[in-house]
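Residue numbers (my numbering), protein chains in the order written: chain A, 707 to 1089; chain B, 707 to 1089.
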């Protein structure tokens, strides 16, 4: 599996030297963001894409690449894989769609892919997926452009959908959470979410595992791994109803499962189940913080109205706003003076417009004993 | 009430000519955004703020302003109001805090305010509020700077909290919804949310009414008005628990009410109750759209994964994804060609990267008969 995440060289099938196509996008994207491994293309016409050579046959490549990526029509894949096998390529990512998800359950082409893989002892991701990303080495298989890639992220993200995976990558990044590695599973012909889960559990650079899934390939193995995993796992499992099942089948061949069974299994494995993008991002933000030992919170609030909203939320979720000790209130008075704001928990900072005072108060609040956490309810706005 | 929203002239008490204070901010803000009425300040020192004269006595003003705004310490307010009464000023906004919300229910100062108001037949907003905004005439009473104010909005927003009101104004604007008028109620000593509701119901420039409330002043009158109102009303009512009650009391003197009674009254008056900022904005977005006649939707989706998520949502909320008629599918084939995407409802547009095609398909979908709505599930991202 390591080769899929840290390949030293990649060949992209279906790359055009003359017109921009998905294969060319994969090559250009890696080149532009700074992937330092070797890049090759194979296409119908020989040529050059920004210094990357496009060959007409994989046999002509000067080395055996670690990974082959397919972006050619589905029916050409088994034959080209055979040529990869002859070249000694063992890791294959089939990004092309048009397999069983399209032909309504006709698995003929996929059986061909599996037969070739078996003959040459190949590992296969996909088909119908966007492959993997390793942000640390700026290696990215998806046919979308990425920019300003941060390194050092500790989040491993697995998605059964390239589209949802891409938008969730952007969503978490938009909230300041750096992803470390990403994998799209697609139809999961051979490698499935349990394989990726196993890899991320063992990966020393991954601290949090998050997934978007439409179905399980090997449910029992998956939950066995999850139950033994001591890294937090956040999952959005869609395809929850008969209405969705038909769509999911044609999307990634996902089979529907009884949603209450999924709920129960998640609870047993201590998996955090989330329902939408916002919950997905929030859960990832929360599990990155140290666990609170109890329910006592000191609340600092930007305004009186936000203090009321925070009190509502504390009541709803069982947090306890313990009154501030007199020593803290005396200390507050040395930090700022105000005529009207009550020095109580939650502390209304509405009259303060010098934001440096906020940090002073926050530092004092963090020193408080007999509190399990500080909730700082501030605002931001793009306008 | 009209004078509070469309004053031809305003005097701000507590404005400093020399140092930036809240009163000066109110004056500068109106000047900078383009309020065309007359502006005056009253402060302890005579002077000039960006062409606005600061007087030491309201009696010296060359005219009788439509509205007086108070940003002076609470204890000075009744005396200054008396001077306003002598000058003939009938509309007063008390932005200052430090009344009963601070002194834990001591209403002495507020009784004084009411006595002066009665003697001079004055209308009073506040105390402890940020006043009103009329975006169309670029008149704004809050002591915060606003920029790039759009006109022509049809949303009337009432907030019991200036802080929450301000952040919700920015939130709705951030989603492209233009507010028309805004009012903060504060302690509701005299004018309360029912007065503002009544005004917005009658205001021909207001189509949608939204509120953030912490308590009701005249519940029966309020719900009587709401039940007869044919404009949609969206309300976030906080202060839902005993834990919040103490905070709300010290914030805007709001009294707590039984939350299930509030729920029932909202249902009877067809008020849309929302729980947080996101629901607040979404409800306002939804009520601006024409009512659907039924539950049949045509779904266009950016990717297969988003199609599955949309199908989940349709199942959850009772929408029906009727299969597309053959004529629509034939039409689609003339608009775009793709090898693998199934032409079904929801329609997966994942392989299309030419976004002009999206509008063509959307136009065709809108022509479909036997559908009650089109749901276009697209993505956006700031990255």
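From the three backbone atoms N, C-alpha and C, an ideal C-beta is built for every residue, glycine too. It should be emphasised that the depicted structure is a prediction, and the values quoted were computed from it without experimental measurement.
Through-space distance from residue j to residue i, alpha-carbon basis
i, j, result
"residue 882 of chain A", "residue 896 of chain B", "46 Å"
"residue 767 of chain B", "residue 917 of chain B", "36 Å"
"residue 908 of chain B", "residue 938 of chain B", "13 Å"
"residue 956 of chain B", "residue 810 of chain B", "7 Å"
"residue 854 of chain A", "residue 885 of chain A", "13 Å"
"residue 796 of chain B", "residue 763 of chain B", "17 Å"
"residue 965 of chain A", "residue 1007 of chain B", "23 Å"
"residue 947 of chain A", "residue 1018 of chain B", "6 Å"
"residue 982 of chain A", "residue 1043 of chain A", "43 Å"
"residue 1023 of chain A", "residue 988 of chain A", "15 Å"
"residue 846 of chain A", "residue 740 of chain A", "10 Å"
"residue 744 of chain A", "residue 870 of chain A", "29 Å"
"residue 1088 of chain B", "residue 873 of chain B", "Residue placement at residue 1088 of chain B is flagged as unreliable, the pLDDT there being 48, under the threshold of 50; the coordinate-derived value follows with that caveat. Going from the Cα of residue 1088 of chain B to the Cα of residue 873 of chain B covers about 20 Å."
"residue 929 of chain A", "residue 905 of chain B", "59 Å"
"residue 1075 of chain B", "residue 1030 of chain B", "10 Å"
"residue 1040 of chain B", "residue 1081 of chain B", "22 Å"
"residue 786 of chain B", "residue 819 of chain B", "10 Å"
"residue 736 of chain A", "residue 758 of chain A", "11 Å"
"residue 1094 of chain A", "residue 953 of chain B", "Limits of chain A in this structure are 707 at one end and 1089 at the other, which puts residue 1094 of chain A out of reach."
"residue 894 of chain B", "residue 915 of chain B", "18 Å"
DSSP three-state assignment for residue i, whether helix, strand or coil
i, result
"residue 1012 of chain A", "helix"
"residue 1091 of chain B", "The structure shown does not extend to residue 1091 of chain B, since chain B spans only 707 to 1089, so no value can be given for it."
"residue 1054 of chain A", "strand"
"residue 998 of chain B", "coil"
"residue 918 of chain B", "strand"
"residue 928 of chain A", "helix"
"residue 1084 of chain B", "coil"
"residue 845 of chain A", "strand"
"residue 876 of chain B", "helix"
"residue 1074 of chain A", "coil"
"residue 1006 of chain B", "strand"
"residue 752 of chain A", "coil"
"residue 1089 of chain B", "Any reading at residue 1089 of chain B is ruled out, since the residue's pLDDT is 43, under 50, leaving its predicted position unreliable."
"residue 856 of chain B", "coil"
"residue 830 of chain B", "strand"
"residue 890 of chain A", "strand"
"residue 808 of chain B", "coil"
"residue 1028 of chain A", "coil"
"residue 763 of chain B", "coil"
"residue 797 of chain B", "strand"
"residue 757 of chain A", "coil"
"residue 803 of chain A", "coil"
Closest by C-alpha distance to residue i, when choosing among the options
i, options, result
"residue 1095 of chain A", "B:987, B:808, B:723 and B:868", "Because chain A spans 707 through 1089 in this model, residue 1095 of chain A falls outside it and cannot be assessed."
"residue 863 of chain B", "B:876, B:761 and B:775", "B:876"
"residue 828 of chain A", "A:1072, A:799 and A:900", "A:799"
"residue 1084 of chain B", "B:991, B:771, B:747 and B:1058", "B:1058"
"residue 890 of chain B", "B:839, B:878 and B:921", "B:839"
"residue 823 of chain B", "B:788, B:990 and B:950", "B:788"
"residue 927 of chain B", "B:965, B:887, B:944 and B:975", "B:975"
"residue 784 of chain B", "B:729, B:859, B:804 and B:852", "B:804"
"residue 990 of chain B", "B:998, B:1025, B:979 and B:1000", "B:979"
"residue 899 of chain B", "B:910, B:873, B:874 and B:867", "B:867"
"residue 943 of chain B", "B:934, B:925, B:935 and B:933", "B:925"
"residue 911 of chain B", "B:953, B:857 and B:869", "B:857"
"residue 770 of chain B", "B:715, B:977 and B:996", "B:715"
"residue 865 of chain B", "B:921, B:812 and B:830", "B:921"
"residue 995 of chain B", "B:1078, B:1011 and B:1033", "B:1078"
Per-residue contacts from residue i into chain C (C-beta, under 7 Å)
i, result
"residue 1056 of chain B", "In the displayed structure, chain C is absent; the protein chains listed are A and B."
Bridge-paired residues (DSSP) for residue i
i, result
"residue 718 of chain A", "A:747 and A:775"
"residue 838 of chain A", "A:889"
"residue 942 of chain A", "A:918"
"residue 667 of chain B", "Since the displayed chain B opens at 707 and closes at 1089, residue 667 of chain B lies outside it and no answer follows."
"residue 1079 of chain B", "B:1003"
Next on the checklist: Can you pull out the residues from the region 879-893 of chain B whose beta carbon lies closer than 7 Å to at least one beta carbon of chain A?
Outcome noted: Listed by position along the chain: 879 and 880.
Item to check | Under 7 Å (Cβ pairs) to chain B, residues found in the region 1000-1017 of chain A | outcome: Cβ contacts with chain B: 1008, 1009, 1010, 1011, 1012, 1013, 1014, 1015 and 1017.
Checklist entry - Name the residues in the region 941-952 of chain A whose C-beta lies less than 7 Å from a C-beta of chain B; which are they? => result Listed by position, the residues of the region 941-952 of chain A near chain B (Cβ gap below 7 Å) are 944, 945, 946, 947, 949 and 950.
Next on the checklist: Closer than 7 Å between beta carbons: that is the criterion. Which residues of the region 720-742 of chain A meet it against chain B?
Outcome noted: Sequence-ordered contacts of the region 720-742 of chain A with chain B are nonexistent [C-beta pairs closer than 7 Å].
Checklist entry - Can you list, in chain order, the residues of the region 1051-1077 of chain B whose Cβ is nearer than 8 Å to any Cβ on chain A? => result Hits within the stretch, in order: 1052, 1054, 1056 and 1057.
Checklist entry - Along the region 914-937 of chain A, what residues have a CB closer than 9 Å to any CB found in chain B? => result Against chain B - using a Cβ distance shorter than 9 Å - the residues of the region 914-937 of chain A are 918 and 920.
Checklist entry - Given a limit of 7 Å on CB to CB distance, which residues of the region 800-829 of chain B reach chain A? => result Within the region 800-829 of chain B, the qualifying residues are 803, 804 and 808.
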